[in-house]
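Sequence positions in the sequence shown follow the working numbering and run 163 to 665. Everything on this sheet refers to the single structure shown next.
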Amino acid sequence: NISSASKLAENNFHSILEINSNLLLIGTWGDGLVLYDRKRKTFTNYHYNLNDPNSVSNNFIRTIYKDQYGNIWIGTYGGGLNKFDIRKKKLHRYYYDSRNPNSISSNSIVTIYQDSRNMMWIGTEGGGLNKLNPDHKTFTRFQYQVNDTTSISSNDIYCIYEDDHNVLWIGTASGLDKFDVYFNQFDHYLQETSSNNFLSNNYVYAIQAAKNGRDSSMWVGTASGLYRFDTKTGRYKRYTEENGLPNRVICGILEDDNGFLWLSTNRGLSRFDPKMKIFSNYDVADGLQSNMFNIGAFCKFNNGELGFAGINGLNIFHPENIISNTYVPPVYITGLKKIDQPMNSDIDLTDLSQIELSYDDNYFTIEFVSLDFSHPEKNRYAYKLEGADDRWIHSEDENFARYTNIDPGKYIFKVRGTNNDGVWNMEGDEITIVIKPPFWMTWWFNAIIISVITLSLVFTVYVIIKREKQKTAINKKISELKLQALQAQMNPHFIFNTINAIQ
């Protein structure tokens, strides 16, 4: 079971920072900063105070970050950037100033990152990327430019990551950007119909090194799934619900000490085994604060524990204490219901490999089951009617598929299922469904129709030809009679004229 911490008036947690083995600093959405004492299980609030210059500048906290010097950086939504100097015990605020191009570009801070050269990078909402020179306390802005293909892809920045080659990768609302810090240029990896770039949804929320793989690989969490991306070759592999994810929106990624990835999503928490390519999924029934987690709200603690925060609090657990169900359940197609038919006409498909339906039974429901009874309400399914569906359809909480107005033909219905932890039986079960056409659509009926039409045409042509022959014969006879009549009229006159000539 995964422990949950949520006893505040405002439990919507957006960021987590480990101060020490006992204290956590949490950023909330509307309740300021919270110091959580894990031993005492107590919460201490720190709110914005107009009269206190050392108070946080806004109660809506998006991100918290500790730099290598121990200073704590706090990004707020609408209140700018805060830096708490751990030595001076003072808080300094950075605000957007429209009159100062060296000020931070936005007061809505989403992510903060310190690179290997100790430069501070601040990602904002609406203001693009900022680089803070800690010596001069001035900002250099990197913003989207419509006519500049080397500018950053979007002014909404969600995450920043530096790889082993000191290359910065920026997750934006318009894809993943690779930043050349020497030439201040960005290379883009976007969804484009005319290219092979890999993001099918442009929102990039989290980046994590693929430590157990090649040095050039990294994991990218997006609004369209999890990607393993090779930074050298540009090749990638995408994982979605079809592969076992509970939801394709990845809010956070952490790797545990055993090389497993833990993913916070919009439908619970998922553990991914990169070697076996298996997802194990967890939800509120396992102790989660909620199935909804927040973007960027995750932290790995020094003792190996992981923390993920969401809309109703915080979950903290040690991965080794989470026991997964690895059982691959059998999946069976159990029945078919014809719509508008009484229940006693349902068809048991357990032992059938093929079923035939008449053309007017093309409205039907197919039932199936995954035989894992640990928490059967958490079993998931994916099905496809080959010949009608062009992709797998995922069913989150229903063990049936409904089809309407299916044309006559031969189809293969396939179904896959999981156990309660999301382990899939990829072979599943299948059945052939033949919907017989009405008699007027059968081959023999069409053959009869064609034969009748052909015979009718032949008979019609025969009649026409016969009539033409008869007409020709009649016309010939009439011509002969007219000739005979004419000859009969001409002979008396000829005789008469001849006698007159003799006289």
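Beta carbons: idealized from backbone N, C-alpha and C, even for Gly. Every value quoted in this text rests on a predicted model; they were computed, and no experiment measured them.
Minimum C-alpha distance to residue i - residue among the options
| i | options | result |
| --- | --- | --- |
| residue 458 | 435, 427, 443 | 427 |
| residue 431 | 479, 463, 438 | 479 |
| residue 369 | 283, 385, 387, 322 | 322 |
| residue 237 | 520, 344, 274 | 274 |
| residue 495 | 606, 528, 553 | 528 |
| residue 380 | 259, 330, 617 | 330 |
| residue 497 | 530, 521, 468 | 530 |
| residue 562 | 493, 613, 513 | 493 |
| residue 466 | 280, 417, 437 | 417 |
| residue 326 | 385, 292, 394, 294 | 394 |
| residue 157 | 192, 234, 252, 385 | Since the first and last residues shown for the chain are 163 and 665, residue 157 lies out of range. |
| residue 218 | 442, 199, 187 | 187 |
| residue 285 | 539, 319, 620 | 319 |
| residue 488 | 534, 629, 605, 501 | 534 |
| residue 230 | 334, 216, 249 | 249 |
First and last residue of the uninterrupted beta strand (DSSP E) at residue i
| i | result |
| --- | --- |
| residue 406 | Segment: none, residue 406 is in no beta strand (DSSP E) and carries neither H nor E. |
| residue 512 | Taken as a continuous stretch (DSSP letters only), residue 512 belongs to no beta strand (DSSP E), as it is neither H nor E. |
| residue 489 | Run containing residue 489: none; DSSP gives neither H nor E here. |
| residue 680 | In the structure as shown, the chain starts at 163 and stops at 665, and residue 680 therefore has no counterpart that could be examined. |
| residue 526 | 526-532 |
| residue 138 | Residue 138 falls outside the range modelled here, since the chain spans only 163 to 665, and no answer is possible. |
| residue 308 | Premise fails: residue 308 is in no beta strand (DSSP E) and is neither H nor E. |
| residue 444 | 440-444 |
| residue 191 | Looking at the DSSP string, residue 191 is not in any beta strand (DSSP E), and its letter there is neither H nor E. |
| residue 422 | Unbroken run through residue 422: none, as it is neither H nor E. |
| residue 327 | First-last for residue 327: undefined, no H or E at that position. |
| residue 349 | 347-351 |
| residue 566 | From DSSP, residue 566 is part of no beta strand (DSSP E); its letter is neither H nor E. |
| residue 557 | 555-557 |
| residue 435 | 430-435 |
| residue 207 | 204-208 |
| residue 180 | 175-180 |
One or two residues paired with residue i in a DSSP bridge
| i | result |
| --- | --- |
| residue 292 | 284, 303 |
| residue 274 | 284 |
| residue 333 | 321, 338 |
| residue 462 | 468 |
| residue 223 | 238 |
| residue 580 | 586 |
| residue 535 | Answer is none; residue 535 lacks a bridge partner. |
| residue 370 | 381 |
| residue 449 | Looking at the DSSP assignment, residue 449 forms no beta bridge with any residue, so it has no partner. |
| residue 549 | Looking at the DSSP assignment, residue 549 forms no beta bridge with any residue, so it has no partner. |
| residue 218 | DSSP output for residue 218 lists no bridge partner at all. |
| residue 391 | 380, 398 |
| residue 254 | 245 |
| residue 591 | 577 |
| residue 638 | Partner(s): none; residue 638 has no beta bridge. |
| residue 596 | 518, 572 |
| residue 455 | 472 |
| residue 497 | 510, 529 |
| residue 543 | 557, 579 |
Presumed contact (8 Å Cβ cut-off) between residue i and residue j, rounded CB distance
| i | j | result |
| --- | --- | --- |
| residue 567 | residue 525 | 7 Å |
| residue 518 | residue 596 | 5 Å |
| residue 328 | residue 278 | 6 Å |
| residue 383 | residue 367 | 5 Å |
| residue 415 | residue 425 | 6 Å |
| residue 270 | residue 240 | 6 Å |
| residue 532 | residue 491 | 5 Å |
| residue 234 | residue 461 | Not confirmed; about 13 Å, so no contact. |
| residue 268 | residue 287 | 6 Å |
| residue 408 | residue 584 | 7 Å |
| residue 573 | residue 590 | Between residue 590 and residue 573 the Cβ distance is about 16 Å, and since that is not below 8 Å, they are no contact. |
| residue 194 | residue 207 | 6 Å |
| residue 399 | residue 389 | 7 Å |
| residue 180 | residue 434 | So it is not a contact: roughly 23 Å between Cβ atoms. |
| residue 210 | residue 220 | 6 Å |
Cβ pair count under 8 Å reaching 3, the segment 171-180 against the segment 460-478: Verdict: yes, contact present.
Below 8 Å, how does it come out for the segment 442-452 and the segment 476-487: are there three or more Cβ pairs, yes or no? Yes, since at least three Cβ pairs between the segment 442-452 and the segment 476-487 fall closer than 8 Å, the two stretches touch.
Would you call the segment 311-319 and the segment 332-349 touching, i.e. three or more CB-CB distances under 8 Å? With a cut-off of 8 Å on Cβ pairs, the segment 311-319 is in contact with the segment 332-349, counting three or more such pairs.
Hey, is the segment 241-249 in contact with the segment 194-206, meaning 3+ C-beta pairs nearer than 8 Å? Segments in contact, no.
On the three-pair Cβ rule with 8 Å, is the segment 556-572 touching the segment 412-422? Too few Cβ pairs lie closer than 8 Å, so no.
For the segment 567-585 and the segment 543-553, state whether three or more C-beta atom pairs, one from each stretch, are separated by less than 8 Å. Short answer: they touch.
For the segment 298-308 and the segment 258-265, state whether three or more C-beta atom pairs, one from each stretch, are separated by less than 8 Å. Segments in contact, yes.
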